[in-house]
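Written below as structure tokens is the structure these notes are about.
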Amino acid sequence: MALSSSTVLPHFMLSGWATNDLGVSKKKGTCGGVICLQRNSFEPWKLRVHSTRVPSNRGYRLIVAANPTEAALIPNKPQITKEDLVAYFASGCKPKTEWSRIGTEHEKFGFELGSLRPMRYGQIAELLNGIAERFGWDKIMEGDNVIGLKQGKQKVTLEPGGQLELSGTPVETLHQTCAEINSHLCEVKAVAGKMGIGFLAIGFQPKWEDKDTPLLPMARFGIARKFFSKRGSLALDVMHRTCTVQVNLDYSSELDMIRKFRASLALQPVATALFANSPFTKEKPNGFLSLRSHTWTDIDERRTGMIPFVFNDSFGFERYIDYALDVPMVCVYRQKKYIDCAGMSFRDFMAGKLLSLPGEFPTLNDWENHLTTIYPEVRLKRYLEMRGADTGPLTMLCALPAFWVVGLLYDEVSLQNVLEMISDWTSEERQMLRDKVPKTGLNTPFQGGLLKDVAESVIKWAKDGLERRSLEESVYLNELAEVVATGVTPAEKLLQMYNEKWGHNVDHVFEELRY
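Under the UniProt record's numbering, the first residue of the sequence shown carries the number 1, and numbering increases by one thereafter.
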């Protein structure tokens with residue numbers, strides 16, 4: 001996103017940075033070529049992100065890959081019941097006074113600066129090893145292969161196409177989550193720059209085809225690739241060629257979860273439009289503003305989409321459990337191995353009828369991992385996960401939690417405004433927005449006007465919600481306010497540059513959107 005003359009950013013996002021036409025920050029200074037922000041270097045919102053690593057001679061340790069969920073917070077039982085699954089979701093309830101979860105996750109494409117080709121696994125391993133050694137992260141291993149990093153509650157992991165993902169620490173303010181993202185990008189750049197590697201802030205791979213995707217030495221990705229390749233023509237594109245930014249938030253009760261789920265699910269197409277940032281495929285415009293979002297419309301409809309039952313009177317923890325129990329499983333983890341159980345249901349597993357593990361029963365770890373293979377536009381875990389946005393530049397990564405969590409869903413007045421606005425939206429209207437927005441964005445016709453009109457109201461409520469917190473956080477909405485004011489999404493800005501400044505050469509996006 002371009003920064004307007006009126007755009008004001010917090011001082012930690014400005015000091016030593018220059019921005020290009022799209023507001024992608026280019027760091028200047030030293031620290032191996034990069035100045036890396038210290039996580040407690042600004043007032044009055046000092047980060048409280050602490051590492052619990054075990055010291056070692058090298059400054060990091062190896063963590064042998066185990067079940068993706070390392071330990072369930074609810075003790076496992078020999079045989080879990082449906083009541084245990086309800087209790088699992090209920091354990092996520094927190095009093096409003098204890099809400100602290102602003103957890104931001106984002107993905108990005110690594111590429112060779114010279115050839116623009118995707119990183120290979122050997123380069124990814126070198127990068128992860130370098131970050132671990134230089135910045136004190138623990139390495140997550142699968143066999144002899146490094147597949148991720150861990151530091152306190154932060155994780156750096158890999159997606160099936162080699163995309164690098166940061167899962168941030170749940171923090172209390174937008175200043176903290178944005179500083180954490182910024183610090184991570186500095187660390188990555190400090191190591192990657194010396195390798196001739198850059199990272200791209202875009203929602204869909206703009207140049208290379210699926211066959212150019214690096215194959216990672218991770219067993220579960222092989223199982224998932226085999227499973228999903230038979231369940232939609234765009235399934236492998238979702239796995240290999242998309243990048244998203246997501247944010248997680250707390251709920252205080254089952255009723256609070258329901259209200260937030262409904263509000264965020266109805267408005268997810270608005271977020272898709274505001275953050276649309278994937279207009280290129282195979283070096284050409286693809287006809288979409290968010291191809292990333294569109295790819296999710298053709299991959300196993302049993303586990304994706306707008307799940308209309310959320311708006312039924314009967315919706316609650318138990319109804320979501322019934323849905324998840326019947327979504328086909330992908331794999332389970334036993335004795336340090338992933339076992340293919342494609343097509344079998346968790347309901348069968350709870351009855352001891354899983355063909356891959358006859359007579360065995362699931363643990364809560366198994367349940368938690370199964371939930372990660374379900375991909376609706378909003379996902380329930382022990383928190384709610386917003387899944388509708390393309391990844392983008394730093395300013396947009398910071399804008400997503402400002403929009404959803406703090407501005408709208410953590411503010412009672414704003415949340416109630418949203419619920420009243422969507423109260424007469426039909427299931428057909430919500431689905432229409434889901435289907436059309438990836439192509440038409442804010443210009444999607446809706447209820448006698450345009451989706452842009454809805455976005456204007458929502459941005460105002462989000463800003464009001466931020467200002468009621470009195471933490472000077474509304475600055476993070478400036479980019480979205482500009483999108484709404486101009487009606488021009490990030491994707492449309494890219495298309496304009498492609499047609500004019502870039503001379504129809506998509507290679508320029510690798511510089512414009514490089515972190």
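By construction, the Cβ of each residue, glycine as well, lies at the ideal position given by its N, Cα and C atoms.
Computed from a prediction, not measured in an experiment: that's the story for all the values here.
**Request:** Using only alpha-carbon positions, find the residue among Ser423, Tyr498, Cys398 and Lys463 that is nearest to Glu105.
**Result:** Cys398
Q.
On the DSSP letters alone, give me the boundaries of the beta strand (DSSP E) that Arg220 sits inside.
A. It is not in any beta strand (DSSP E) - Arg220 instead sits in the alpha helix (DSSP H) that spans Ala219 to Phe228.
Point to revise | Spatially closest choice to Arg347 from Asp340, Lys336, Asp366 and Tyr333, by CA coordinates | key: Of the listed residues, the one whose Cα sits closest to Arg347 is Asp366.
**Message:** Which residue wins for smallest C-alpha separation from Asp212, given the options Asn505, Phe89 and Tyr121?
**Reply:** Tyr121
Report yes if the CB atom of Thr395 is closer than 8 angstroms to the CB atom of Gly441, and no otherwise. no
> Do the CB positions of Thr272 and Ala389 come within less than 8 angstroms of each other?
Replying inline: With respect to the 8 angstroms criterion, Thr272 and Ala389 are classified as neighbours on the basis of their beta carbons.
query = Out of Cys178, Gly343, Ile299 and Ser253, which has the shortest C-alpha to C-alpha gap to Asp237?
reply = Answer by Cα proximity: Ile299.
**Item:** alpha helix (DSSP H) runs contained entirely in the stretch 385-459, provided each spans 4 or more residues
**Value:** Restricted to the stretch 385-459, the alpha helix (DSSP H) segments that are unbroken, complete and at least 4 residues in length are 394-401, 412-422 and 427-440, listed in chain order.
Spatial neighbours of Glu159 in its chain, beta-carbon cut-off 7 angstroms, leaving aside the 5 residues before and after
Glu107 and Glu165, listed in sequence order.
On the criterion of 16 or more Cβ atoms from any shown chain inside 10 Å, does Ala351 qualify as buried, or is it exposed?
exposed
Cβ distance (whole Å) where Val437 is taken to contact Pro269 below 8 angstroms
In this structure Val437 touches Pro269 by the C-beta definition: roughly 4 angstroms separates them, less than 8 angstroms.
Checklist entry - Run through DSSP, which three-state label would Leu495 get? => result helix
message: Could you compute how far the alpha carbon of Pro78 sits from the alpha carbon of Phe361?
response: Cα-Cα distance, rounded: 7 angstroms.
Thr363 by DSSP, collapsed to three states: which one? coil
When the distance is taken between beta carbons, is Asp138 closer than 8 angstroms to Lys150? yes
**residue 581 - containing beta strand (DSSP E), residue span** = Only positions 1 to 515 of the chain appear in this structure, which leaves residue 581 out of reach.
_C-alpha gap between Leu215 and Arg225, whole angstroms_ = 11 angstroms
Go through its chain and collect everything with a Cβ distance to Leu174's Cβ below 7 angstroms, but skip five positions before and after it.
Answer for Leu174: Ile102, Cys398, Pro401, Ala402, Val406, Glu473 and Tyr476, listed in chain order.
Requested in this report: Would you mind reading off the limits of the alpha helix (DSSP H) that contains Lys82?
Outcome: Lys82 to Ala90
Got a sec, what are the start and stop residues for the beta strand (DSSP E) Leu149 sits in? Asn145 to Gln151
Q.
I'd like to confirm the pairing. Which residues does DSSP put opposite Asn248 in its beta bridges?
A. Gly103 and Glu385
Check your understanding: Just checking my contact of Glu180 with Gly168 at CB under 8 angstroms: how many whole Å lie between their CB atoms?
Key -> Between Gly168 and Glu180 the Cβ distance is about 5 angstroms, and since that is below 8 angstroms, they are a contact.
Exercise for the section: Below 8 angstroms on the Cβ atoms is my guess for Met386 versus Trp404; work out the distance and round it to an integer in Å. Expected result: 5 angstroms
Margin query: For Pro285, list the residues DSSP reports as bridge partners.
Written below: Phe280
Margin query: Per DSSP, what are the beta-bridge partners of Asp313 in this structure?
Written below: Asp313 is not bridged to any residue.
Review point. Does DSSP put Cys331 in a helix, a strand or coil?
Key: Three-state DSSP puts Cys331 in a strand.
So, for Pro44: in the same chain, excluding its five sequence neighbours on each side, which residues have a beta-carbon less than 6 angstroms away from its beta-carbon? Residue placement at Pro44 is flagged as unreliable, the pLDDT there being 31, under the threshold of 50; the coordinate-derived value follows with that caveat. Nothing listed; no residue qualifies.
- Query: Does DSSP put Ser293 in a helix, in a strand, or in coil?
  - Reply: helix
ask   = Roughly how many angstroms separate the alpha carbons of Thr30 and Glu283, rounded to a whole number?
value = Any reading at Thr30 must be qualified, since the residue scores a pLDDT of 36, below 50, and its modelled position is unreliable; no value is offered.
Original post:
With which residues is Pro376 paired in a DSSP beta bridge?
Top reply: Gly305
| field | Rounded straight-line distance, which links the Cα of Ser233 to that of Phe89 | value | 33 angstroms
message = Let me confirm a value: Lys501 is counted as buried when at least 16 other C-beta atoms fall within 10 Å, else exposed. Which label applies?
response = exposed
Can you tell me whether Arg347 is helix, strand or coil according to DSSP? helix
* Under three-state DSSP, which class holds Met257? -> helix
Pro206: buried (16+ other C-beta within 10 angstroms of its C-beta) or exposed?
buried
Helix, strand or coil for Met119? Go by DSSP, reduced to three states.
coil
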